[in-house]
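Comments concern the structure below.
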Amino acid sequence: MRLILMTGKGGVGKTSVAAATGLRCAELGYKTLVLSTDPAHSLADSFDMELGHDSRLVKPNLWGAELDALRELEGNWGAVKRYITQVLRAQGLEGVQAEELAILPGMDEIFGLVRMKRHYDEGEFDVLIIDSAPTGTALRLLSLPEVGGWYMRKFYKPLQGISAALRPLVEPIFRPIAGFSLPDKEVMDAPYEFYEQIEALEKVLTDNTVTSVRLVTNPEKMVIKESLRAHAYLSLYNVATDLVVANRIIPAEVTDPFFKRWKESQEQYRQEIHSDFMPLPVKEVPLYSEEMCGLAALERLKETLYKDEDPSQVYHKENTIKIVQENNQYSLELYLPGIAKDQIQLSKTGDELNVRIGNHRRNLVLPQALAALQPSGAKMEEDYLKIKFA
179 MRLILMTGKG
189 GVGKTSVAAA
199 TGLRCAELGY
209 KTLVLSTDPA
219 HSLADSFDME
229 LGHDSRLVKP
239 NLWGAELDAL
249 RELEGNWGAV
259 KRYITQVLRA
269 QGLEGVQAEE
279 LAILPGMDEI
289 FGLVRMKRHY
299 DEGEFDVLII
309 DSAPTGTALR
319 LLSLPEVGGW
329 YMRKFYKPLQ
339 GISAALRPLV
349 EPIFRPIAGF
359 SLPDKEVMDA
369 PYEFYEQIEA
379 LEKVLTDNTV
389 TSVRLVTNPE
399 KMVIKESLRA
409 HAYLSLYNVA
419 TDLVVANRII
429 PAEVTDPFFK
439 RWKESQEQYR
449 QEIHSDFMPL
459 PVKEVPLYSE
469 EMCGLAALER
479 LKETLYKDED
489 PSQVYHKENT
499 IKIVQENNQY
509 SLELYLPGIA
519 KDQIQLSKTG
529 DELNVRIGNH
539 RRNLVLPQAL
549 AALQPSGAKM
559 EEDYLKIKFA
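In this note's numbering, the protein residues as written are 179 to 568.
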């Protein structure tokens, strides 16, 4: 299966690009699913037809679906939801309030990953296109395997063992006082089962022959800045980007004086997009005179984007992490385009290297060759952070 994730700042047109990409893949004979994991779904509006949680046929070889976190919750997290609801009711909350609060923040991102893993395992489709949430939420989603793994190793597994041992002893005292039971084995096992699925998916997300992120941007200063940061953060999590789509460029035939200054600024930002994202290929899409709504409009967008190309190809292979050995010295090289060295914080604990950029952090479990060594220096060179070990 080929996995393509579309992301970008809210409102840049990523849903339209995802839908048009799905049209072209289906046209080439690939069984294609376009899945929206954005809590504010607009994929149904783009196709101009009703979509739900289950995959629905849009046209031959093309299906669409919009993730329903509540449905995934019932199907995959039922035992945990029932337990949280029981705890909240014991604290005096009404039934409906307890049911709603049992859905923890961030659950939609977790279930987005679980749904992706399920489709990958089932192999029903040749191409899975994810119309993901805006950049910040998408980055949280893609960082979940790394962050979740750290918490599972450090806290959850020890807690799980302690809970199993103490429950028979503490339960007779605890329940009469608290009004609810301690979590049983089914409840305690559910988060770890989720983590195991997400950990397996991480191998798929970080395989640049299978998974690619495509950044949709507009020729505007704030949008470009966010897209550049997203590119660096994606690389930090070892997720490769293979294409940039510069959307809503005012066509040359528009000569109205009202658009003069706007066109001039767009020209400057177009050049910045090509230079700042180099060597990533950039596709340009004009600002259309009509809404990108319905199959006819998406067909025009598809032709502009791909013509005779196969969108399932890998447009550019990014090597985000490298280990290099020179003269009996090792260095770990992280691809962090556009990030200055003074924005990066590094620390090492045991066999883990902690890399922090702004509010994004990654704990890299080092291979055995590096785990016993200490970082002896770091420098930025050609967008790579090169960390030497001695």
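C-beta: ideal position from N, C-alpha, C; glycine also.
Cβ shell of residue i (< 7 Å), same chain only, five flanking positions each side left out
i	result
E450	I402
W440	I428
A568	Q507, L551, Q552 and S554
E250	F289, V292 and R293
L406	D454 and G516
For residue i, the first and last residue of its enclosing alpha helix (DSSP H)
i	result
G528	Counting along the chain, G528 falls outside any alpha helix (DSSP H), and DSSP gives it neither H nor E.
D434	Segment: none, D434 is in no alpha helix (DSSP H) and carries neither H nor E.
I517	Taken as a continuous stretch (DSSP letters only), I517 belongs to no alpha helix (DSSP H), as it is neither H nor E.
Reference residue i; option with closest CA among the options
i	options	result
G536	A430, M558 and A410	A410
N239	Y415, V305, A475 and G301	V305
N505	C471, K566, L458 and P459	K566
S490	T185, A196 and E252	A196
S310	R534, I288, E300 and D299	I288
L201	R534, G191, F225 and M184	F225
L421	K381, F455, R448 and P515	F455
K209	G242, E487 and C471	G242
P603	E468, I182, T419 and I308	With the chain covering only 179 through 568, there is no way to say anything about residue 603.
V502	E530, A475 and P545	P545
L512	N541, L183 and Y466	N541
T395	G472, Y373 and K192	K192
D223	E205, K237, E244 and L206	E244
Rounded C-alpha distance that separates residue i from residue j
i	j	result
L221	D232	13 Å
P435	H538	43 Å
I517	D561	7 Å
A430	T199	25 Å
H219	G528	43 Å
K399	S194	21 Å
K295	G301	10 Å
I499	L548	14 Å
F437	E481	26 Å
G230	L476	20 Å
V492	S390	7 Å
Classification of residue i by the beta-carbon crowding that lies within 10 angstroms, buried from 16 upward
i	result
V543	exposed
Y370	exposed
T433	exposed
L235	exposed
P459	exposed
K485	exposed
A474	exposed
P457	exposed
Chain-order list of residues whose beta-carbon lies under 8 Å from that of residue i (same chain, five-residue window excluded)
i	result
E297	Contrary to the premise, residue 297 reads as His rather than Glu in this sequence. Excluding positions up to five away in sequence, the list reads M179, L211, L213, F303 and L306.
Q521	I535 and G536
K461	L421, V422, V423, A424 and L483
Cβ of residue i within 8 Å of any chain C Cβ
i	result
T210	Absence of chain C from the displayed structure is noted, only one protein chain being present.
Close beta carbons around residue i, own chain, < 6 Å, minus the five adjacent residues each side
i	result
S525	N532
P515	H409, A410 and D561
N416	T384, T498 and I499
For residue i, the first and last residue of its enclosing beta strand (DSSP E)
i	result
H494	Per DSSP, H494 belongs to no beta strand (DSSP E) and is neither H nor E.
I308	V305 to D309
T395	T389 to T395
H538	H538 to V543
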